Amino acid sequence: MRFEHIAGMGTRVWRWSRTSGTQPRLLHAGKAAAAAVIAWFIARHVPGVAAAYPYYAPLGAVVAMQATVFAGIRSGVQTLVGIALGIVIAGFTMWVGDPGFLAVALAVGIGVLVGGFRVLGEGSSWVSTAALFVLLVGGAHAEGYSLGYLVQMAVGVVVGLLVNFLVFPPLHFWDAEHRIDAVNEVLADHLDGLARVLEEGNRDEKAWDRQQDRLDRAIADVRSRVSIAHESRRLNPRGALRGSRARLQRDGARFRALERVAWYTTDLTELVARSGPVPDGLGRPDPAFAGPLAKALRQLACMIRGECPEEAGDDAIAEVERALDASRENPSHVAVTSAALVALRGIVESERRATNDPDTRTGPSAFGRPRG
């Protein structure tokens, strides 16, 4: 029993470390530390004047140790280009006059202007930094310092890239998939909240603004994670593993479905929770439709969580349609309910398009749990 308890605790810790992102952060930290040590060792054996500045090599290794192999290459190259431009700017200001207040002002001003070009990316902040280092640290030995600075940073960048490429090059599929599941829960909570508004008749616009902001941030975060997952496969030897391309396509399909569901959910929020003056309810669904509509919202939330079959959403929407067909009064309320039905149907169809293939389910069942 004690062994089983320890094994169970170990499993829970392992899952937590994976879902919380602790595992990739620990691996990234270990690789960065190793790359810095290797770069420091190599830098002390570099011939020529560069050997006097070995401390820049570990810095270059850290610069190149990015979340993906491709991002590391991009960051390393941009940083070296930025440093080279800074050295040129420092040389120009020293040619204009002796280093002093004017030279510092010119170096920083020109460096910031040049660093404003978006093509420099990560290297933009290094332009003015390098110019200042050459002026203030290099001083009378600016030429030797500039060469050593650039060479040692290049040594560190190369070491960092090699370590990142050769030692478990990162693939960020799991992070994207976990975030997609988290957004599923946010969407489901949002729909449950709309159902409560219909059932209780109370609405809090500030609360809905906060909830909508939470949903927008979650969608933006997933978009970023999916983009990183796609980038992590570029120039990555592990990207050639069987199934990695299909996994990326699956994640992309799931995210596109989530974006559509989020758009329709926002539309429903405007119709149900915020639109129309409070006193007479003008522009909001008629109370006669509130019950079926609330039920449909709860069924869709259950479906998005992966706890109910898709047919449950169709059945709930059919009830709203039957109530709408039986109505002959209050045309303004009927129009709003019809618009709500369009959004409900859009959520169901978005979910269905993403789940035609069992491997592209948008709910948590994508990780093996049965769907309804």
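Numbering (the numbering used here), first residue to last: 15 to 386. Where is the CB? At the ideal position from N, CA and C, for every residue including glycine. Just so it is clear, the structure is predicted and the values come from calculations on it, not from any experiment.
- Put simply, the segment 174–191 touches the segment 84–93. At least three CB pairs are less than 8 Å apart.
- When the five nearest sequence neighbours on each side are left out, the beta carbons in the same chain lying within less than 8 Å of the beta carbon of residue 156 are those of 104, 105, 108, 148, 149, in order along the chain.
- In the three-state DSSP reduction, residue 250 falls in the coil class, being neither helix nor strand.
- Short of 7 Å from the beta carbon of residue 317, and not among the five residues preceding or following it, lie these beta carbons of its own chain, in chain order: 324, 326, 327, 365.
- With distances taken between CA atoms, residue 227 lies nearest to 277 out of 130, 153, 277, 117.
- Contact between the segment 71–79 and the segment 48–63 is present, with at least three C-beta pairs closer than 8 Å.
- Under a 10 Å Cβ-count criterion, residue 350 is classified as buried, with 16 or more other Cβ atoms of the shown protein chains found around its own Cβ.
- Judged by DSSP in its simplified three-state form, residue 69 adopts coil rather than helix or strand.
- When C-alpha distances from residue 222 are compared across 283, 38, 184, 333, the shortest belongs to 283.
- Burial check for residue 193: the Cβ neighbour count within 10 Å reaches 16 or more, so the residue is buried.
- Per DSSP, reduced to three states, the secondary structure at residue 60 is coil, with no helix or strand assignment.
- Here residue 191 is buried: its Cβ has 16 or more other Cβ atoms, across all protein chains shown, within 10 Å.
- Judged by their CB atoms, residue 164 and residue 97 are nearer to each other than the 8 Å cut-off.
- For the pair residue 311 and residue 209, the CB atoms are nearer than the 8 Å cut-off.
- With fewer than 16 neighbouring CB atoms inside 10 Å of its own CB, residue 114 falls in the exposed class.
- Annotation note: the segment 62–147 contains the following uninterrupted alpha helix (DSSP H) runs of length 4 or greater, listed N- to C-terminal: 70–78, 83–110, 115–129, 138–146.
- In the DSSP annotation of this structure, the continuous segment of the alpha helix (DSSP H) that includes residue 202 starts and ends at 187–214.
- Burial check for residue 59: the Cβ neighbour count within 10 Å stays below 16, so the residue is exposed.
- Here the alpha carbons of residue 279 and residue 353 stand approximately 12 Å from one another.
- Excluding residues up to 5 positions away in sequence, 63 lie with their Cβ nearer than 6 Å to the Cβ of residue 158 in the same chain.
- DSSP, reduced to helix, strand and coil, places residue 153 within a helical segment of the structure shown.
- Taking every protein chain shown into account, the CB of residue 241 has fewer than 16 other CB atoms within 10 angstroms, so this residue is exposed.
- Residue 142 counts as buried, since no fewer than 16 other beta carbons sit within 10 angstroms of its beta carbon.
- Residue 281 places its beta carbon 8 Å or farther from that of residue 234.
- About 6 Å separates the Cβ atoms of residue 183 and residue 251, confirming a contact at the 8 Å cut-off.
- The C-beta distance from residue 146 to residue 168 rounds to 20 Å, too long to meet the 8 Å contact threshold.
- Closest in C-alpha terms to residue 321, from the list 367, 43, 202, comes 202.
- In the structure shown, residue 316 adopts helical secondary structure according to DSSP, grouped into three states.
- Contact between residue 330 and residue 309 holds: their C-beta atoms lie close to 5 Å from each other, under 8 Å.
- Sixteen is the threshold: since fewer than 16 other Cβ atoms of the shown chains lie within 10 Å of the Cβ of residue 220, the residue is exposed.
- Residue 172 places its beta carbon 8 Å or farther from that of residue 134.
- By the C-beta density criterion, residue 304 is buried, having at least 16 other C-beta atoms within 10 angstroms.
- Non-local C-beta neighbours of residue 39 in its own chain, meaning closer than 8 Å and more than five positions away in sequence, are absent.
- Beyond the five residues adjoining it in sequence on each side, residue 225 comes within less than 7 Å, by CB distance, of 204, 207 in the same chain, given in chain order.
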